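Visitor:
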Amino acid sequence: MFHISQYRPLRLITQNSLSSVCLKLMLSKPVAFARIWKSWFSSHSLLGNKNIILMGPPGAGKTTIGRIVGQKLDCPVIDIDNDVLEKTWNMSVSEKLQDIGYEEFLEEEGKALLKFSTSGSVISLSGSNPMHAAGMQHVKKDGIVVYLDVPTTVILSRLKSMQVDRIVGLAPGVSLKDVLQFRKQFYQRWYDIRVFCGEDIAAEVVAEKVLDAVKRYQDSGLETFISTRCSRSGRNVEKDSRKYFSDVVVQGLAPDGGLFVPERGLPKFTAGEWQGLIEATYIERAQVILERCIHPADIPASKLAEIIATAYGENFSCSKIAPVRHLAGNQFLLELFHGPTASFKDFALQLMPHLFAYCIPRSCNYLILVATSGDTGSAVLDGFSRLDNTDKQRIAVMNFFPEDGVSPIQKSQMIGCQKENAWSVGVKSDFDFCQTAIKQIFTNSDFTGFLTVEYGTALAAANSINWARLLPQIVYHASAYLDLVHQNIIPFGSPVDICIPTGNFGNILAAFYAKMMGIPIRKCICASNENNVLTDFIRTGVYDLRGRKLISTFSPAVDILKSSNLERYLHLIANEDGQLVTQLFNQLENQGHFQLRKDLLEKLQQDLVAGCCSDEECLAAIHSVYSTTGYILDTHTAVAKVVADRLQDRTCPIIISSTAHYSKFAPAILRALRIAEINQNPLSQLHLLSSYGALPPIHWGLLETLKKTGNGDHQVCAADMSVLMFHIETLIQNHFM
Numbered sequence: 001m002f003h004i005s006q007y008r009p010l011r012l013i014t015q016n017s018l019s020s021v022c023l024k025l026m027l028s029k030p031v032a033f034a035r036i037w038k039s040w041f042s043s044h045s046l047l048g049n050k051n052i053i054l055m056g057p058p059g060a061g062k063t064t065i066g067r068i069v070g071q072k073l074d075c076p077v078i079d080i081d082n083d084v085l086e087k088t089w090n091m092s093v094s095e096k097l098q099d100i101g102y103e104e105f106l107e108e109e110g111k112a113l114l115k116f117s118t119s120g121s122v123i124s125l126s127g128s129n130p131m132h133a134a135g136m137q138h139v140k141k142d143g144i145v146v147y148l149d150v151p152t153t154v155i156l157s158r159l160k161s162m163q164v165d166r167i168v169g170l171a172p173g174v175s176l177k178d179v180l181q182f183r184k185q186f187y188q189r190w191y192d193i194r195v196f197c198g199e200d201i202a203a204e205v206v207a208e209k210v211l212d213a214v215k216r217y218q219d220s221g222l223e224t225f226i227s228t229r230c231s232r233s234g235r236n237v238e239k240d241s242r243k244y245f246s247d248v249v250v251q252g253l254a255p256d257g258g259l260f261v262p263e264r265g266l267p268k269f270t271a272g273e274w275q276g277l278i279e280a281t282y283i284e285r286a287q288v289i290l291e292r293c294i295h296p297a298d299i300p301a302s303k304l305a306e307i308i309a310t311a312y313g314e315n316f317s318c319s320k321i322a323p324v325r326h327l328a329g330n331q332f333l334l335e336l337f338h339g340p341t342a343s344f345k346d347f348a349l350q351l352m353p354h355l356f357a358y359c360i361p362r363s364c365n366y367l368i369l370v371a372t373s374g375d376t377g378s379a380v381l382d383g384f385s386r387l388d389n390t391d392k393q394r395i396a397v398m399n400f401f402p403e404d405g406v407s408p409i410q411k412s413q414m415i416g417c418q419k420e421n422a423w424s425v426g427v428k429s430d431f432d433f434c435q436t437a438i439k440q441i442f443t444n445s446d447f448t449g450f451l452t453v454e455y456g457t458a459l460a461a462a463n464s465i466n467w468a469r470l471l472p473q474i475v476y477h478a479s480a481y482l483d484l485v486h487q488n489i490i491p492f493g494s495p496v497d498i499c500i501p502t503g504n505f506g507n508i509l510a511a512f513y514a515k516m517m518g519i520p521i522r523k524c525i526c527a528s529n530e531n532n533v534l535t536d537f538i539r540t541g542v543y544d545l546r547g548r549k550l551i552s553t554f555s556p557a558v559d560i561l562k563s564s565n566l567e568r569y570l571h572l573i574a575n576e577d578g579q580l581v582t583q584l585f586n587q588l589e590n591q592g593h594f595q596l597r598k599d600l601l602e603k604l605q606q607d608l609v610a611g612c613c614s615d616e617e618c619l620a621a622i623h624s625v626y627s628t629t630g631y632i633l634d635t636h637t638a639v640a641k642v643v644a645d646r647l648q649d650r651t652c653p654i655i656i657s658s659t660a661h662y663s664k665f666a667p668a669i670l671r672a673l674r675i676a677e678i679n680q681n682p683l684s685q686l687h688l689l690s691s692y693g694a695l696p697p698i699h700w701g702l703l704e705t706l707k708k709t710g711n712g713d714h715q716v717c718a719a720d721m722s723v724l725m726f727h728i729e730t731l732i733q734n735h736f737m
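Counting with full-length UniProt numbering, you get residues 1 to 737 for the letters of the sequence shown.
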């Protein structure tokens, strides 16, 4: 916000030079005057000496929208084409382009921009201005660049109706669509704010979106996070309890033991905005969605775009990143296993390390602690090992997993993914012990304080309790729906159900968040294996761990009894009642159970349904699907398939989350396919599976990891808190000191 003295009208008022009309209004109708003044001051304080710079392709409406924004702000409006270029050249832009040609035009246009200077104005750039780096740097230093992102199909339609047949870059053999696509890289380089115009909407509406976006850009204080256990007085939250996105990425777990959630909820997209993403790539969808969820004060839009492109570029084997495949009838598979470690965890953990590295202070080292029931470990190790060398020197990872509670291939993969800044430790216990131990370590202020003072090292979490783990998962649920629309399976607005194998509740929560943001999801179906505590809870409202023992199944990633992310969902449906959430989870910790009120159970059952699946049913589903389609499901996807068959009503499509590649669970898959003799060597098992020529093919990344590592070394420790803390301190000494 700019200093109050810069506003000339305000200075005039303080000098008692009000017009008689204003004075009369202020004295006779003070409430009305206050509203008018508040509106005027809000608009003017938005701009100050800065410029609002509108950027976008030809046909985006920059000139018209610029005029409307200028009128609303009562400030000068400058159209670069009409007010700068044509006056400088004494000819029209099209004549200049025809006269000197494409390359020389860009240079002349840039020179004109370099000589231009103004403040407190709305500027509408030409469509080709962003292609001249020096000119854009000059203009950008005095303003906020707003990218009017209009879908290419809409732009082409507008240009056709305007009978535009010549723009900069158009040449024989080069289509207008090619030119527009080529220019996107320049727009993405320069913008501070994206205003996504997903439909052919009125310029007045777009102008309001521009103003809202600029207000958001200038006030990061609106987008804060609170703990699920935060006590409120009415709607007030203590200032110290509020955190920003960059804080929650680094801290992971809230100091009171709760989980961070956005205080004002997630942004909502209009139907038109979602429809504008139907033709978009996965990376483009991710950029639009995540920009709305991460304030540019935490991570600038251009940096976020760079991080997303790095995360989902060459690291995924399928160009569609998260393709949707028809399975049978009304069932579709969302394939989430094309990342480097063959599970859905890659979607968050190829992205999160870069977010984390950007957000942390440079003056401190960080050790990431991870508890995994299978897939998280290798995904975290791989993701953080891909950081650049500078970041790897100050960020390390320690992964704890149940030594005898993961598949042999998962264990080999976690061992094989160990790098110079990433280690795995097997614990002689189950996942729930590993997860609980890490939570207790984070809330042990004596230990964490000792690490900070003695070694200059802070602890952080990369499990799904970290908000930066959940956020990227929203994208693929939204993208799956948009893909069904793009494939003409459904029109936009028609509902779908989503069925997800569920243990820690993160993946299904991300689907529910996508629904809250405007994706037409009807029901989220929770699929449990024999560790069916969630199924019982959703059906009865009673979360009861008394007398339950963790059962080792063929779907180990959901062999979980304490579902951490359930806390975020209960906080949401309880109207953010942190005291109630604290009470419930303290009771679970101390007494082993809790029960929801009737009204909360009714809310929950409007959103969720649940079912469970035995190991025998899981293997039978794998065999049945392979026999009829030639496609092999992994054991977790098979759990979801069994539950989907049982619970779906077939009135709408159902998207089954295929959360891992079957290669990771080769012994169980070979058993399901009724192969009698199974070699115990993981690599031999994969070669045997590949001989079947099934779909999808054997996972490339997993095969390469096993070829390189065999069964390498890793540390194993007892299920003892002091032992885990000793391992943590030893790693810090070895890596950072």
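Every residue, glycine too, gets a C-beta built ideally from N, C-alpha and C. Predicted model only: the values in this text are computed from it and were never measured.
Relative to the C-alpha of Leu222, which candidate in Gln188, Gly265, Phe433 has its C-alpha closest?
Guide: Gly265
Visitor: Would you kindly work out how many angstroms separate the C-alpha atoms of Leu259 and Ile438, rounded to a whole number?
Guide: Roughly 14 Å separates the two Cα atoms.
Visitor: So the candidates are Lys141, Lys177, Thr270; which of them puts its Cα closest to the Cα of Arg158?
Guide: Taking only the C-alpha atoms, the option nearest Arg158 is Lys177.
Visitor: Taking the alpha helix (DSSP H) that Asn640 falls in, what are its first and last residues?
Guide: Here residue 640 turns out to be Ala, not Asn, going by the sequence shown. Element bounds for Ala640: 635-647.
Visitor: Strictly by DSSP, which residues pair up with Val496?
Guide: Within the DSSP secondary-structure output, Val496 pairs in a beta bridge with Ile521.
Visitor: Is the distance from the Cβ of Ala574 to the Cβ of Ile632 below 8 Å?
Guide: Not in contact: Ala574 and Ile632 (Cβ atoms no closer than 8 Å).
Visitor: Candidates Ser241, Tyr187, Pro353, Ile193: which alpha carbon is nearest His295's?
Guide: When each option's Cα is compared against that of His295, the closest is Ile193.
Visitor: Considering His623, what are the terminal residues of the alpha helix (DSSP H) in which it resides?
Guide: Unbroken alpha helix (DSSP H) run through His623: 615-629.
Visitor: May I ask you to report which of helix, strand or coil DSSP gives Met721?
Guide: helix
Visitor: Take Ser28 and list the residues in its own chain whose beta-carbon comes closer than 6 Å to its own, dropping the five residues that flank it on each side.
Guide: Below a pLDDT of 50, predicted positions are generally treated as unreliable, and Ser28, at 48, falls in that range; no measurement from the model is reported.
Visitor: Just grab the DSSP bridge partners of Pro501 for me.
Guide: Ala527
Visitor: Which value, in whole angstroms, describes the spacing of the CA atoms of residue 824 and Glu284?
Guide: Any question about residue 824 goes unanswered here, given that the chain covers just 1 to 737.
Visitor: Arg469 lies in the alpha helix (DSSP H); which residues open and close that run?
Guide: 467-486
Visitor: Identify whether Gly547 lies in helix, strand or coil by the three-state DSSP scheme.
Guide: coil
Visitor: Looking only at its chain, what residues have a beta carbon closer than 7 Å to the beta carbon of Gly169, apart from the 5 residues adjacent to it on each side?
Guide: If we look at Gly169 and ignore the five residues flanking it on each side, its Cβ neighbours are Tyr102, Val179, Phe182.
Visitor: Roughly how many whole angstroms lie between the Cα atoms of His44 and Ile65?
Guide: With a pLDDT of only 49 at His44, under the threshold of 50, the placement of this residue in the model should not be trusted, and no figure is reported.
Visitor: Using only CA atoms, which one of Val195, Asp142, Leu148, Met131 lies nearest to Phe186?
Guide: Met131
Visitor: Span of the beta strand (DSSP E) holding Ala460?
Guide: 457-461
Visitor: Going along the chain, which residues of its own chain have a beta-carbon closer than 7 Å to the beta-carbon of Met725, five neighbours each way excluded?
Guide: Ile441, Phe447, listed in sequence order.
Visitor: What whole-angstrom Cβ distance do Gly383 and Met352 have, given they're in contact under 8 Å?
Guide: 7 Å
Visitor: Where residue 796 and His486 are concerned, what is the direct C-alpha to C-alpha distance, given to the nearest angstrom?
Guide: Residue 796 lies beyond the range of the chain shown here (1 to 737); nothing can be said about it.
Visitor: Assuming Ser317 contacts Trp700 under a Cβ cut-off of 8 Å, what Cβ separation, rounded to an integer in Å, is found between them?
Guide: 6 Å
Visitor: So what does DSSP say about Phe260, is it helix, strand or coil?
Guide: strand
Visitor: Find the nearest neighbour of Val427 within the set Ser119, Ala718, Ser124, judged by alpha-carbon distance.
Guide: Ala718
Visitor: With C-beta atoms as the reference, is Gly506 less than 8 Å away from Gln473?
Guide: yes
Visitor: Could you check how far apart the C-beta atoms of Ala510 and Leu570 are, in whole angstroms? I think they sit under 8 Å.
Guide: Their Cβ separation, rounded to whole angstroms, is 16 Å, which puts Ala510 and Leu570 out of contact at 8 Å.
Visitor: Rounded to whole angstroms, what's the CA-CA distance from Leu113 to Asp83? Just pull it up for me.
Guide: Going by the C-alpha atoms only, they are around 11 Å apart.
Visitor: Starting from the C-beta of Cys417, find all residues in its chain whose C-beta is less than 6 Å away, skip the five residues before and the five after it, and write them out in chain order.
Guide: Contacts found: Ser378, Leu381, Asp382.
Visitor: Counting C-beta neighbours from all protein chains within 10 Å, is the total for Lys24 16 or more, i.e. buried, or is it exposed?
Guide: Residue confidence for Lys24 is low, a pLDDT of 47 falling below 50, so the modelled location carries little weight; the figure read from the coordinates is stated next. It is exposed - the Cβ of Lys24 has fewer than 16 other Cβ atoms within 10 Å.
Visitor: Can you tell me which of the three DSSP states Gln715 falls into?
Guide: strand
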